[in-house]
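Novice: Numbering (this note's numbering), first residue to last: 1097 to 1213. For reference, the structure I am asking about is given below.
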């Protein structure tokens, strides 16, 4: 299986359960891996046969502006569903990372894997 990836994507999101997290959006980091919908792109060299990562980033940005999330797990599941449903990826790995929320750690977060099946 072949993957497209986006690393260290940083976008603002409303995520968190604590009062101070509900006052303003936070800078969240994403790492995404999306399996290609097939291997046609290697034969056709056509853009339509792959995943447009700029469109992925734009759609995630739209979701983050429109929705609020209590947990990073919920946010990761929402992004995974987007990648599978709208971008036809048969398998995805999504990491959602909060930056600087613990004094003892630079990053905390979650990584989930989802498949179409």
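Virtual Cβ for every residue (Gly too), placed ideally from N, Cα, C.
Taking the beta carbon of residue 1115 as the centre, do at least 16 other beta carbons fall within 10 Å, making it buried, or is it exposed?
Specialist: Flag for residue 1115 reads exposed.
Novice: Would you give the residue range spanned by the alpha helix (DSSP H) that residue 1132 belongs to?
Specialist: It is not in any alpha helix (DSSP H) - residue 1132 carries neither H nor E in the DSSP assignment.
Novice: Please return the same chain residues whose Cβ sits closer than 7 Å to the Cβ of residue 1161, not counting the five positions on each side in sequence.
Specialist: Same-chain partners within the cutoff: there are none.
Novice: From residue 1125 to residue 1212, what distance separates their C-alpha atoms?
Specialist: Approximately 24 Å between the Cα atoms of the pair.
Novice: Relative to the alpha-carbon of residue 1202, which residue among 1143, 1193, 1188, 1152 has its alpha-carbon at the smallest distance?
Specialist: Checking every option, the nearest Cα to that of residue 1202 belongs to 1193.
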